[in-house]
Every structure is written in C-alpha cells, then in structure tokens.
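Residue numbers (the numbering used here): -13 to 451. Even glycine gets a Cβ: it sits at the ideal position worked out from N, Cα and C.
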Ligand SMILES: [Zn+2]
C-alpha cells in the first residue's frame, strides 16, 4: 500500500502543476496515469506470501527452514528468512508453519483417453494432485493438442504447463523413407514438441526419421527399437517404459551382471533419459490375476473414473483379460512371466538410478491408472525399487525441467522461477507418501487452497452423472 500512496501523491502533484496545457490533455494524462496505477495495483494485488515455510528447493538435498516466499506476477520474487514483524503488501498471506514447499510435479507420460468431460476433467485431477507440468504422449485423431497447449499458454484454459507429442507412430505410418520425410515435416508444421515412435521400424526408415527430426529440431522419443542393437535406441532423447529393456535384451543378457553394467554405462554416455512407467505395468499384472483384479472394485480412486470406463476396465472386455490372461508362451503362463519381468524392471530401474541416469516420472494414465493419483503411485513403485524420496522428487521436478529446456524458469524453488509449487503438510524427504499431503498448489502464481483442490475433484465426479 505504501507504494500506491507514493504513486498517488506523485500523480496529484503532477496534475496540480501548471504546464500550460489545455484541460483535455490534462484529462488524457489523468486517464493514462490512472491506468498505470491500476496496473501497479493489480501487480501488488496478485502477490502471495507463504510465511514461515520449510523449503525443499530441489537443486540439492537440503531443507531451508522457516522462510518467507513472495510470489508476484506468476514468479517467485523473494525468499527470505521468516521475520515475525515482516511488512508486506501481499494480497494473500498463507501460513506455511510446519509445512513444506516443493516444486510442482511432472506427469511425463500422460494420455488423454476419454473424450467425455473434455481434457479439463483430467487437468482438474492432475492439478489437484500437485501436477503442474504434463507431457502428452500421443495425439489421437479426435484431438488437437497444439490448440490445447495454445489455449493454456494464453490463459484461456485452466491447465498445467503443457507439451505434446504428435500422433502415435507405428510401422504402418512409417513404411518408407518418403513416409519419414512427410511425417517429420508434418510434425514441424503442426508444431508438436516431440515425435513419438512406438514400433520397430525398418532400419533405413528409422535413420531417416532421426535425420529429418534433427533438421527441424524436434526430439524423437518413444519405445525402443527392439530388433536393433541398444545403441540405435539410445539415439532418441528418451525411452518410454523400462519394460522396453526387457525386449531389447535377451533373457541371458538380462541375467548377466557384466552385460548389464556395460549396457548401463552405454545408456549413461548416450545421455538418454528413461521414463520407467512402473504403475501401468503393475495394472496390467493386476488384470491377469483374478484375486487382485476383483479387489479393484474397492480401489479408492476408481471414484474419479468415468462410469463407462470403470465398467469396461472392470470386466472381461478389458483387453488384458481378454487377450493375455492365461496365455502360455514357451510353456509359461502370462502372469508369472510378467511378474518376473516386473521384478527385473524394478531392479534395472534401481541400477539406472544408481548410475545417475536421468529418470522421469510418468504413469501412462489409462484404465485404473487414474490421472494425477497415478503419479503418486508411480512414486510408490520407484520407492519400492529402492530410490530415495529425493531421487524420486528429482525425477518429477528438476530432471523434467532440464529435459524440457525450461530449467531457467521451472523445476526448483528459487528466486526468478515461475511459481509452480506444491505446499505439503508433511516432509516428503521423510516418506515419499507425504507428497499426497497436499495443502495447496501454486499454479502459474495462482494459489489453490485445499478447499479449491477438493472442489476441482468434486467437479470431476459431478461430470460422471
Ligand atoms: Zn504411452
């Protein structure tokens, strides 16, 4: 308020001075100056201060206790030790006493699966769970993710920082070198952030996709090229699903510690990022196991699934129950085979993490893998692999920011960065489950308290009826 009073005094003295101008100019000048005051006031007005909070900045493993964080114009403008008598002109003051402030989470393997309720429905679930950055992993033919991204950026649509791959590309879309040229060019024209491959391609076609993508500066990501040596897959920016390594390696290689050590060294040197997506694999296993499957009826987050979706996935129409359950391959039933893969995937994820290979959190969001909630389940599985809470938080904050080339403005709690934050009631470094104790979320400088987050969740349920 002090600033505004000063400006007002300045304006009044200016208007009272005799400039020998006609009154009309005086009026114009007055309007101009009041416009300026209004804009200054608006800036003061969106100021939020979170007082006496413990900060986990995520650029190193440390907690700064008892800090004041001031946010204005969508950015963190100051972080200072808490003083009881602190004077501020904040519009909103949030008591952070005993709470923990960390960067917003990143869902790096999202899919918009259900037209009903629109993508807004998923955004509500994601934001209510502390997700402030989302990478969409495919554009289906009824979708237009670049216009969604544009609407969010212009503030027309409520949503997280948004990135999207183009359409899901398999070997039918990419049969020839000419297809590769055409498809990559289309990605450039449409402005997609990534080219996503999900299939084994012919070698010449694959190399052409990589070359063309480099020309247009579009990163290529996706599933591994399972029929080619590891080195070929490592030319991509990131590999989705740690499961892919089950197929890139043969059984003997998967059980050979020397081989794995060398493979990990190779992944590390290549700089490839890996998105394990363990929660979705757990869901697939659940579908094959009657005992676990029927328990899904009581799954607490099923209340946020669309009723039609629940009906489909909780039935024998579920494609994994229909096509995979009871299927015997090389004398082995699908369930123990996949359980064996899952154990291997978890130990390989731990090896990747121990070697400091950048990992990112993603969940694949389909079926009972409910957007927002599923990211916290992914944290749980990463913890089960043996990753520490700090390593898991890195994979959902600073690593995605570096990967998306937004490290200058995202990924840590630091002065000058965009205010995309989560306020937790309990320390997530003590127990990763504490990422679920969300007291509030700051999305692009806007404070959403627990009541607001609850109402977002409630809105997704009312859409169900
Ligand atoms: Zn996917």
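- Within a 10 Å sphere around the beta-carbon of residue 255 sit fewer than 16 other beta-carbons, which makes this residue exposed.
- The stretch 115 to 176 is shown to contain whole beta strand (DSSP E) runs of 3 or more residues at 117 to 122, 147 to 150, in chain order.
- In the three-state DSSP reduction, residue 252 falls in the helix class (H, G or I).
- Pairing residue 64 with residue 339, the inter-Cα distance amounts to about 33 Å.
- Any heavy atom of ligand 1 within less than 6 Å of a residue's beta carbon puts that residue on the list, which reads 95, 97, 123, 350.
- Here residue 331 has 228, 229, 231, 232, 262, 264, 267 as same chain residues with Cβ atoms under 8 Å from its own Cβ, once five neighbours each way along the sequence are excluded.
- The alpha-carbon separation between residue 302 and residue 248 amounts to approximately 42 Å.
- Cβ atoms of residue 121 and residue 149 come within 8 Å of each other, at about 5 Å.
- If you draw a 10 Å sphere on the C-beta of residue 215, you find fewer than 16 other C-beta atoms in it, and that means exposed.
- Among the bridge pairs identified by DSSP, residue 91 is matched with 117.
- When rounded, the separation of the alpha-carbon atoms in residue 224 and residue 377 is 18 Å.
- In the three-state DSSP reduction, residue 326 falls in the helix class (H, G or I).
- Residue 319 sits in a strand when the DSSP states are folded into three classes.
- Residue 208 sits in a strand when the DSSP states are folded into three classes.
- Counted as a single uninterrupted DSSP element, the alpha helix (DSSP H) harbouring residue 294 occupies residues 293 to 299.
- Per DSSP, the unbroken alpha helix (DSSP H) holding residue 441 starts and ends at 436 to 448.
- Remark: C-beta atoms of residue 443 and residue 285 do not approach each other more closely than 9 Å.
- Here DSSP, grouped into helix, strand and coil, assigns residue 188 to coil.
- DSSP lists no bridge partner for residue 289.
- Classified as exposed, residue 241 has fewer than 16 neighbouring CB atoms from the shown chains inside 10 Å of its CB.
- Exclusion of the five residues before and after residue 98 leaves 105, 108, 122, 129 as the residues of its chain whose Cβ lies within less than 7 Å of its Cβ.
- As the crow flies, the alpha-carbon of residue 176 is around 22 Å from that of residue 185.
- In this structure the stretch 190 to 206 touches the stretch 157 to 174; the number of beta carbon pairs closer than 8 Å is three or more.
- Going by C-alpha positions, residue 239 is about 15 Å away from residue 213.
- The beta carbon of residue 270 sits closer than 8 Å to the beta carbons of 306, 310, 324 from its chain, once the five residues preceding and following it are set aside; these are given in chain order.
- Within the same chain, Cβ atoms closer than 6 Å to the Cβ of residue 344 are found at 259, 385, the five residues on either side in sequence being excluded.
- Leaving aside the five residues that flank residue 205 on each side, the residues in its chain whose CB is nearer than 6 Å to its CB run, in chain order, 180, 223.
- Of 156, 88, 295, 40, the smallest CA-CA separation from residue 380 is found for 88.
- Annotated three-state conformation of residue 309 is helix, per DSSP.
- Here the alpha carbons of residue 426 and residue 55 stand approximately 14 Å from one another.
- The beta carbons of residue 390 and residue 119 sit closer together than 9 Å.
- Annotation for residue 304: no alpha helix (DSSP H) segment contains it, and DSSP assigns it neither H nor E.
- Shown here, residue 339 sits in a helix according to DSSP, grouped into three states.
- Going by C-alpha positions, residue 393 is about 11 Å away from residue 45.
- Following the DSSP letters along the chain, one finds residue 213 in no alpha helix (DSSP H), marked with neither H nor E.
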